[in-house]
Amino acid sequence: MSLILQLAISGLSVGCLYALIALGYSLTFVVNGTLNMSQGQLVMLGGVLMFGFAELGHLPFFVSFLLAALIVGLLNLGIERLAIRKFDKGANSIEWVLSTIAVGIIIQDVALYVNGPDEGVTPSPMGDEMLRIAGAGIYWKEFVFLPVVAVLLVLLILFYKKSHWGLWLRATADNRTAVEIMGISSNKIVAVAYMLSGLLAGIGGALMSTNYAVSVDIGLPLGLKAISVAILAGVNNPKGIVAAGLILGISEAFIGQYISTAFREMFVYGLVILVLYWKPMGLFNARKTIVKV
Amino acid sequence: MNQLIERSAGYRAAAGWIAGLAAIGLLAAGPWMVDTYYLNLLFMIGIFVITCTGMNILIGYCGIVSIGHAGLMAIGAYMSSFLSTKYGLSFWSVVLIGMVVSLLIGSLIAIPTIRAGGVYLSMITIAFGVVIHEVLIRWDAFSGGPLGISGIAKPQIGGYTFDLKGMYLFVLVISAAALLLARNLRRSSWGRSMIATKENEIAAASLGIRKFAVQYAGFAISSVLAGLSGAIYAHANSFISPDTYNFQTSVQLVLIVILGGAGRVLGPVIGAVIIVFLPELLDMEKLRMALYGGIMFAVLFFLPKGIVGTLDSWLSPRMRRFVSINPRQASSKPEEAKALFASPVRAGGQPILVLEGIQKYFGGLHALKEVSLKVEAGTIHSLVGPNGAGKTTLLNVISGLYSSDQGHYTLRGQPLIPRSLSAVAELGIARTFQHSRLFKELSVLENVMTGLAKRAQSGLGASLLRLPGQLRSERLMEETSHALLDLIGYEGDRDMPASQLPYGHQRMVEIARALATAPSLLLLDEPAAGMTASEIEQLEQLLRKLVSQGLTVILIEHHMDFVQRVSDTVTVLDFGKIIGTGSPEQMLSDPRVIQAYLGAEEVAASAEH
Amino acid sequence: MKKQSGKKWTLGLLVVVMMWVLAACGGGNSGGKNAEAANAPASSDGAASKEPILIGMSTEATGDNAMNSVNLYQGVQVAVDQVNAKGGIDGRLVELVVRDTEQNPTRGISIIRDFSQKEKVLAAIGGFHSTVMLAQSPIIMEEKFPFMVATSNVPASVESGMPWTFGVRMNANITAQYALKFIKEHFNTTKIAVLHENGGYGKGAAAAMTKVLEAEGLKPVAVESFDNAKDKDMTAQVNRAKQAGAEVIYLFGQGAANGYVLQAMDKLGWKVPIVGENGMANKGAQEVGKELAEGTYAIQTANFNVDQTRETAKVFLADFTAKFGHIPTTFASAAQGYDGAMMLFQAIEKAGLSGDLAKDREAIKNTLETNLGTYSGVIKDWEQAFTTENHDAVDVNSYLMCVWKDGKLVISDKQ
Amino acid sequence: MLSIKGLEVRYGAIHALKGVDVELKEGEIAAVIGSNGAGKTTLLQAVLGLVRPNAGVIELGGKPITRMSANKTSNLGVSLVPEGREVFGTLTVTENLRMGLKKKIGSVTKRQFEKELELVFERFPRLHERQNQLAFTLSGGEQQMLVLSRAMISKPRLLLLDEPSLGLAPIIVNEIFATINELAYEGTAILLVEQMAHKALSIAKRGYVVDNGNITLHGSSTALLNDDRMIKAYLGAH
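Residue numbers (the numbering used here), protein chains in the order written: chain A, 1 to 293; chain G, 294 to 902; chain W, 903 to 1317; chain L, 1318 to 1555.
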C-alpha cells in the first residue's frame, strides 16, 4: 500500500511544477490567443535568480523569492512589448511562436554567460526533513509545493472573478473593440496578463530551486512538457490545468513503475497527440466561456 | 500587338532559365574548386534546400507552420539506415522506402494539424516531433538508442562508391529538381488552390476547393522531401543519432524558410546559405547562441516577408514600371463569348430554387423566421430590406456557409441540403461576399483562374512535372480567365497582385472569379457598394448579359434605383421575415416596405408618394 | 509614403548591422585564429617568429550538463599554457583553435572538416559528448589527423579499426571491469542494478556492465533509465531496482539526476552502496542529495580534493587554481584533458615537423602508436601509452576510486 | 457640447466623409439619417476616436478631441453603443454593466454599483430576470437594452447611438426610443444614427441627412419630415 501512496505523493510534487508553468500559458493565451514559447526559460531564470540572490547574494529567502518573481514578471512585460505585440495579427498568425522561441534562445545563452553552467539548489526554509505518511516519505520542502499551487490557483480564480482587472482580462478575451469603447486600453490589459504570467513563471522557478537543481539548460524541456499539460487541459480553464498537471505528474510515476521507465516520456506526448486527435480543444475546455472560472 | 507581349514574356522566361542553368553549372564545378570543409557546407545547404523547399510549400503556400519536420527527416534517415545496415539493401531502394514511410507518418500528422489550425497547429507538430525523438531514443532494436546507427553504407552505382564529392553532386541535382517542382507547383492550379485556402478559407470553399485535400497534398510533398533529405544525409555521413534531428533542428528548418521568404521559390536557398554559413562565421566563444537568436528575432521583426520577399517587393514595382506589359485590349469578340458557364437550358418556367420555412437562430437572436421563397430560372431576383433584416444571413444559409436550424431547399427540382460551401459550389451555385475576399497574394488573372480549379483539376503529379496535358489545361484556364475578365470589361494590369486593385475593380474581379466556377445560380452580396456611378452602369450591363445567357442571379443591394432598373422580382425582408415579393414597382411603393425602411408611424401622408 | 520609407530605412539599418557583425567576426577569423591567446612571455627569443602549432579543441560549451565539458577544456588550456611558458614545442608556440559543437552531431562533423581543411590543425582534442564523438569519428578517418578523445566513454569511437583516434578516457568496458572487481571485492555481491540516463554516456555504461556481467554468466538484476533533463522523480526506477533485490547500484546519471535517485532511495528507506563515475563525482549530485551523498563511490582517474602525491599533478593543480580561481569541478575530465594534450605535445616534439601537413599528421600518429616513450602524467606514469592495437591509454589499474565524505569527494581507502 | 467642423475620413481609396459639420447641445437629440454606406457609422467612430480623421476638428465641450484615442475620449464622458451592439457574450449581464463603469470601476463601491443596478433593472425589468445569464443568450432587444444601460451607467455627457433599431421588432424599437427620449430629458446630449428616419426624427430636435459622405440636408425634424427630397435622398435614388 505504501508504494502506491509513495508513487502518488512523489508524482504530486512534480505535477505541481507542470501545473504552475501551464497556468502561465493559460493567462496569456486566454487574453489574445498568444503564449510565450520561452516560458520554460523564464522558469529557469526564476530558479537561477533565486539561487543567485539566496546563495551567492546571501539575501534572505523570501526577499530573493520576491525579487526573482518580480524580475521575471517585468522581463515578460518587455517580451510582450517586443516579441508579441507586433506579431499578434488575429487568429492564426504564427510569427509570435518563432519570435518567442528566439527570445528563449537569447535568455538561455545570456543566462549561461552570466551564471555559468553549474547546477544549484537553494536551501529551503522547510529544511530537509522527511514527512512520513503511512510509510510513504516526502520531503517537507517538496510537499509544500501543493499548498503553494493551491493558494495560487485560488488567488487566480478570485482575481478573475472578483477584481476588476480580472474582469477586464476576461472582457479583452471576449471582445477587444468593445473594451476600447469602454475606455480601457486593451494593449495595457494584454501587457498585464503577460506580467502576471511572468510572475507565475518566476514563482515556479524559485519554488523549483528549493528542491530540484536549476541550471541554464532545464528551460526548454520543462517548457515543452508544460505546453502538453496546457493542451491536455484546454488552455482556458485554470482549474482544469492544475488537475491535468497533477494527473500527469502522478501518472508518470505509475507508468514508470508498472509499465517501464523507458516509455514514460513517450506516454506524455502520446497522450497529447491522442487528445489532439479526439478533442483538439482539450479535455476540460469549456466551449462557451472564454475563461472557465 | 499581342506577339510583342508574348515575345517579351518569352524573353523573360528564357533569361530565367539561362541564369538558372548557369548557376547550377557553376555550383557543379564546386567539388574541384573548394576543399572538403566548404564542400561539406555546400552539401549541408543542399540538404536543407531539399527539406525547406517542401516546408516552403507547406508554410508559404498552405500556411501550415510545422515545427516538427525534423522528425520526418529522422524517419527517412532511420528507415534507410536500418534497412541498409540490417539487410544490406542498396541505397536506392532504402531511400524510396524511407520516403514512403515519411509520407505515411506525415499523413498521420497532417490529419489533426489541418483540422486544428491556429496555435494548436504548431503545438501538434511540436508534440509529434518530440514523440518521434523519444521513440528513436528508446527503441534500441530499431534505432540503436541514443548512440544511433553507425557504419551506414555509402551509396554505390556499379563500382563507384559515392564520396563527399559524389554525394554533393547528387544533392545538387535533387535540390535543383525540388526547386523546379516548387516552381511548377506555384504555376499550377494546385499551387493556386493552396494559396487560396491559406489566405481565405471561406472564399476558397465557395469556389469548390476542399481545404483538406489541398493542404494534405502540401503536407505529403513536404514529408516526402524531408524523408529523402534525411536519408541522403545519413548515408553521406554514415552515422545517424536522435540528436541530429531534434526540436532545435525543426526550429532551424522553419527559420530557413521564414528568413529566405516564405512562398518564394528561391527563399529556402538564401535561407539555407545564411543558416549554414552563419555559425561558421560566428566563431566567437561567448554569447554565440544569443547572437544567433538575436538575428532570428531581427529577421522576424524587420523583414516579415523574408529577404527574397522584401527584395521582390522592392524590385518588382520598379521592374513592372520598366518592363510594363501593356494591358490586353478587350478581346474584339465579346458577343459570342462562348458559353463560359454551363447554364442549363431554361427549365420551362420551373423555379431553379425553392426555399420553404427556413429558420435560423444565433443564440437568443432569431435571425430568419419562416422564410419561404421561389426563384425563377434566368431572372434577377433581388433581396432588399433595412440593415439587420437577415438578407446576408439568408444568402449564407443558401450557400452553405451557415447551417439553418429548420426548413428545406429544392434546387432544379432536386432536394438540396447545403452541407458546406464547397459542396454547394459543386452544385453550380456561386457567390460573392459583402466584404471583398480576393486572394491578395495571387495576381488578378490567377484569382479568376482559382475559380476554374474545381473544373480543370489535373493531377498533382502532372502539375509538379508540368506534363503536356497539364500545360494544355493551364493554357485553357488562362484563355477562359482572360475571356471572363474581358466580359466584365476589366482593363487594368492583369499580372499585378489583387491587393493593388482599386475598390470598385475588386468587386468586378470577384464576380468574374465566381463566374469561372460555371454556376447556374449566382448569389451577389451588395456588389454595388462603394462603386462609382459608371461602375454601377457597367455592372448593370454585365448582369443583363449574364441573365440573357441563362444565368439566374440573386442580388442583395441597397441602391434602390439600381434594384429597380435591373431586377425581375424583388423580395423585401424585415426583422428576419419576408414581408412581400413582387415586381420592383409594386414592392417599392408598398406602404409596408416604406414603413419598414423609414420606420414611419402609420403616417398616412408619406404612404401616398 | 512615410510608412514605406520607414521600412526601407530599417531594412538598410539591418543590412549595415549584419555586415558589421560578419565583418567583425570575419576579420577576427581570417586575421589569425582567435584562439586562446596563450599568454606566452613576450620576451621569448625569436620563438614568435616561427608559425604557431595549431591544435583543434572541440568543446560542448552550451547545452545540457555543460559543466563537465568545461573541465575538459580547462585542463587542455593549462597544458597549453605550461608548454608555451617553456617556449612552445622546439620554439613554436601552441595555439588552440576552439569550436563549440553545441551538442549537435551535424555541427560536430563540420568542425572536424574545419579543423582539417580550413584551419589546417596538426591534431585535435575533444570528445566530451558521446553521440557527437560517434558522428565525428568516421569523418576523422576521412580527414586523417590524430584526435585525442578525452572524456566520451563510448568504446566504439576509439576502436582498433579507427587508426586516427586515441583515448585518454574511462572506456566504459574497462570501467565496468574495474567496477565489478571493486564491487565483488568490497561488497561480495554480484546483484547489481544499473540506473542510467538515456544519453550516449548512460547507455554506453549500461551496455558495458551488462557485457562484463554476461562474461561471467551473470546478468544485472535491473536496468532502468531516466531522462537527465526532464525527469525529477525517480521513485519508479529506484523501486524497481529494490524489488529486484539489488545490493549495489551502478549509477550513471549526470549531476543532479543522481541526486534525485538518492532522494528516491531516501523516501523508500532503502540504503545500498552506489558506484558511479564522472556524473557521480560532479557537485550537482551532492548539491541535491546533500548528506544523502555521503559514502557514495565515484570512479575517477584523479582527485584534487586531497594533496597530490604525484609531481605533475601538484604543478597541474597549482596552475589550474591560479588560472581559474578554483579546483576542477569534475576531476577526471580535467586530468584527462591535461594528460591527453601533453601526450599530443610530446608526440609532436618526438615526431619533428617537416612542414608538410599530411606527413606531419602521419608522423604524429605513428609516434603516438610506437615511440611515445614514457610520460609521467597527472593520472599515472605511462610507458608507451598507446600501441597499434590498443588506442586507450587508461587501463584497468589506472583508476582511482573516490568517495563522498562530509561534502567532499576524497580518495576512498577501498580501491 | 459637441461641435464637428469640416470632418474628412478616408479608408485607402474610399472617401467615407467629405467635410461634415455637426453641432449638438446638452440634453439635445440630433438624428443622423441616410442610406447604408453613406458614412454614418464612420462619423460616430471618428468622434470616439476609433477612426483617425484625415482633416477637420472635433470639440467636446470646447476641448479638441480630434486625434484622441478611443479609450481616452471614452473616459471624458463619451459613450458609444456600436452597430451590432458588441456585448461581452461570455460575461454575465451584471458583469457587462460593471464594464460600463469604465476607469471608475476601481473607485465605485459595491453598494454604489448595486444602486446603479437597481436604476437599470427598474428601467428594464427583463434585464433583472436575466442578470446572471451570459449575455450571448439574450434576445436582440434584451441585448440592446443591456448595451444602452452599459453606456449610460457611467453618466456620459455625450451618447453616440449607432442604429439601435437594427433587427428589432417594432414594439421593442418603440420601447428603446422612449428610453432614449428619457435619457435626453435627463440632460445627456445624444447623437442618434438611424436608418428608420421617421422614428428617429420623431424624438430628435434636429436632423442631418448624410449621403455618400456629405451632409445633403440639415434642419429641424418637422422641416425634414415634410421635405419630399428627404425620401428620394433616403431611398438612394441618385
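We put the beta carbon where it would ideally sit given N, CA and C, even for glycine.
Since the model is a prediction, treat every value here as computed from it, not as a measurement.
*So does the segment 1031-1038 of chain W actually touch the segment 1002-1018 of chain W, counting three or more Cβ pairs closer than 8 Å?*
yes
*Name the chain G residues whose beta carbon is nearer than 8 Å to that of F1453 (chain L)?*
Counting from 1 along the fourth sequence, the entry for residue 1453 (chain L) is found at position 136. Going along chain G in sequence order, the residues near F1453 (chain L) (Cβ under 8 Å) are G656 and G657.
*May I ask which residues mark the beginning and end of the alpha helix (DSSP H) holding L334 (chain G)?*
The residue labelled residue 334 (chain G) in the question sits at position 41 within the second sequence. Run containing L334 (chain G): T329 to N349, per the alpha helix (DSSP H) assignment.
*Quick one: which residues of the segment 575-609 of chain G get their C-beta closer than 8 Å to a C-beta of chain A? List them in chain order.*
K579, L580, R581, M582, A583, Y585, G586, G587, M589, F590, L593, F594 and P597
_Backbone CA spacing between G853 (chain G) and V1526 (chain L) [nearest angstrom]_ = Position 560 of the second sequence, counted from the start, is the residue given in the question as residue 853 (chain G). Position 209 of the fourth sequence, counted from the start, is the residue given in the question as residue 1526 (chain L). According to the sequence displayed, residue 853 (chain G) carries Met and not Gly. The alpha-carbon atoms of M853 (chain G) and V1526 (chain L) are separated by roughly 17 Å.
*Do F1017 (chain W) and V999 (chain W) have their CB atoms nearer than 9 Å?*
Along the third sequence, one-based indexing puts residue 1017 (chain W) at 115. Along the third sequence, one-based indexing puts residue 999 (chain W) at 97. Taking 9 Å as the Cβ cut-off, F1017 (chain W) and V999 (chain W) qualify as a contacting pair.
_Cutoff 6 Å; reference F384 (chain G); Cβ partners in own chain excluding five residues on either side_ = Working through the second sequence from its first residue, we reach residue 384 (chain G) at position 91. So the qualifying residues of the chain are P448 and H528.
_Classification of D496 (chain G) by the beta-carbon crowding that lies within 10 angstroms, buried from 16 upward_ = On the second sequence, position 203 is the one that residue 496 (chain G) refers to. In the sequence on display, residue 496 (chain G) carries Ala and not Asp. Buried is the call here.
*With DSSP collapsed to three states, give me the class of I502 (chain G).*
What you label residue 502 (chain G) is simply residue 209 of the second sequence in a count that begins at 1. The answer is coil: DSSP assigns I502 (chain G) none of H, G, I, E or B.
*Measure the CB-CB distance between T743 (chain G) and S400 (chain G) and report whether it falls below 9 Å.*
As a working mapping, residue 743 (chain G) is identified with position 450 in the second sequence. As a working mapping, residue 400 (chain G) is identified with position 107 in the second sequence. No.
_Three Cβ pairs or more, each shorter than 8 Å: is that satisfied between the segment 1355-1369 of chain L and the segment 1471-1484 of chain L?_
yes
*Look up W1172 (chain W) in the DSSP assignment and say whether it is helix, strand or coil.*
For the purposes of this step, residue 1172 (chain W) is taken as the residue at position 270 of the third sequence. W1172 (chain W): coil per DSSP, three-state reduction.
*Show which residues of chain G have a CB atom less than 7 Å away from the CB atom of L42 (chain A).*
Start at 1 with the first residue of the first sequence, and residue 42 (chain A) comes out as number 42. Neighbours of L42 (chain A) across chain G, judged by C-beta separation under 7 Å, do not exist; the nearest C-beta is about 15 Å away.
*So, does the CB of N285 (chain A) fall closer than 9 Å to a CB anywhere in chain L?*
Position 285 of the first sequence, counted from the first residue, corresponds to residue 285 (chain A). So, not an interface residue.
*Considering H1098 (chain W), what are the terminal residues of the beta strand (DSSP E) in which it resides?*
For the purposes of this step, residue 1098 (chain W) is taken as the residue at position 196 of the third sequence. Taken as a continuous stretch (DSSP letters only), the beta strand (DSSP E) holding H1098 (chain W) covers I1094 to E1099.
*DSSP puts Y654 (chain G) in a beta bridge; with which residues?*
Translated into positions along the second sequence, residue 654 (chain G) becomes position 361. Note: Y654 (chain G) sits in a beta bridge opposite G:H659.
*Scan the segment 1147-1225 of chain W and note each continuous alpha helix (DSSP H) run of 4 residues or more that stays entirely inside, going in chain order.*
Correct list: 1158-1169, 1180-1183 and 1185-1191.
*asked:* For F263 (chain A), report the span of its beta strand (DSSP E) as first-last.
replied: Here residue 263 (chain A) corresponds to residue number 263 of the first sequence, with the count starting at 1. That residue, F263 (chain A), is in no beta strand (DSSP E); it is neither H nor E in DSSP.
_Strictly under 9 Å for the Cβ-Cβ distance: is R264 (chain A) near chain C by that measure?_
Absent from the structure: chain C. Protein chains present are A, G, W and L.
*Could one say the Cβ of R611 (chain G) lies closer than 9 Å to chain W's Cβ atoms, at least one of them?*
Position 318 of the second sequence, counted from the start, is the residue given in the question as residue 611 (chain G). With 9 Å as the cut-off, R611 (chain G) does not count as an interface residue toward chain W.
*Give the secondary structure of W432 (chain G) by DSSP, where H, G and I count as helix, E and B as strand, and everything else as coil.*
For the purposes of this step, residue 432 (chain G) is taken as the residue at position 139 of the second sequence. Of the three classes helix, strand and coil, the one that applies to W432 (chain G) here is coil, per DSSP.
*How many angstroms separate the CA atom of R1415 (chain L) from the CA atom of I1497 (chain L)?*
Taking the fourth sequence and counting its residues from 1, the one referred to as residue 1415 (chain L) is at position 98. Taking the fourth sequence and counting its residues from 1, the one referred to as residue 1497 (chain L) is at position 180. Going by the C-alpha atoms only, they are around 21 Å apart.
*From this set, A:Y25, A:V103 and A:K141, which residue's C-alpha is nearest N236 (chain A)'s C-alpha?*
Here residue 236 (chain A) is taken as the residue at index 236 of the first sequence, counted from 1. With distances taken between Cα atoms, N236 (chain A) lies closest to A:Y25.
_Tell me the rounded alpha-carbon separation between D786 (chain G) and P795 (chain G)._
Within the second sequence, numbered from 1, the residue matching residue 786 (chain G) stands at position 493. Within the second sequence, numbered from 1, the residue matching residue 795 (chain G) stands at position 502. Those two C-alpha atoms are separated by around 12 Å.
*asked:* Taking 6 Å as the limit between beta carbons, can you name the residues of its chain near A306 (chain G), skipping five residues before and five after?
replied: To locate residue 306 (chain G), count along the second sequence from 1; it is residue 13. Closer than 6 Å at Cβ, skipping near neighbours: no residue.
*Can you name the residues of chain A whose CB is closer than 8 Å to the CB of F1128 (chain W)?*
Working through the third sequence from its first residue, we reach residue 1128 (chain W) at position 226. Within chain A, the residues T261 have their CB atoms less than 8 Å from the CB of F1128 (chain W), given in chain order.
*Under the three-state reduction of DSSP, which class applies to M920 (chain W): helix, strand or coil?*
Counting from 1 along the third sequence, the entry for residue 920 (chain W) is found at position 18. Any reading at M920 (chain W) must be qualified, since the residue scores a pLDDT of 45, below 50, and its modelled position is unreliable; no value is offered.
*Go through its chain and collect everything with a Cβ distance to L27 (chain A)'s Cβ below 6 Å, but skip five positions before and after it.*
As a first step, residue 27 (chain A) must be located in the first sequence, where it is residue number 27. Excluding positions up to five away in sequence, the list reads A193, L196 and S197.
*To the nearest angstrom, how far is it from the Cα of V14 (chain A) to the Cα of L246 (chain A)?*
Taking the first sequence and counting its residues from 1, the one referred to as residue 14 (chain A) is at position 14. Taking the first sequence and counting its residues from 1, the one referred to as residue 246 (chain A) is at position 246. Distance between the alpha carbons of V14 (chain A) and L246 (chain A) is about 8 Å.
*Expressed to the nearest angstrom, what Euclidean distance is found between the alpha-carbon atoms of L546 (chain G) and P561 (chain G)?*
Position 253 of the second sequence, counted from the first residue, corresponds to residue 546 (chain G). Position 268 of the second sequence, counted from the first residue, corresponds to residue 561 (chain G). Computed Cα separation, rounded: 9 Å.
*asked:* the ligand COA and Y1152 (chain W): does the residue's C-beta get closer than 8 Å to at least one heavy atom of that ligand?
replied: The ligand COA is absent from the structure shown, which contains no ligand whatsoever.
*asked:* Whole angstroms are fine: how far does the CA of M824 (chain G) sit from the CA of A791 (chain G)?
replied: For the purposes of this step, residue 791 (chain G) is taken as residue 498 along the second sequence, with counting starting at 1. For the purposes of this step, residue 824 (chain G) is taken as residue 531 along the second sequence, with counting starting at 1. Approximately 17 Å, taken between the alpha carbons.
*Smallest Cα separation from E1189 (chain W): which of A:S93, A:S2 and A:D128?*
Counted from its first residue, the third sequence places residue 1189 (chain W) at position 287. The option with the nearest alpha carbon to E1189 (chain W) is A:D128.
*Which residues, in chain order, does the segment 23-40 of chain A contribute to contact with chain G at a C-beta distance below 8 Å?*
F29, G33, T34 and L35
*Run down chain G in chain order and give the residues with a C-beta less than 9 Å from the C-beta of L75 (chain A).*
Position 75 of the first sequence, counted from the first residue, corresponds to residue 75 (chain A). What L75 (chain A) touches in chain G: nothing, since even the nearest Cβ is about 15 Å away.
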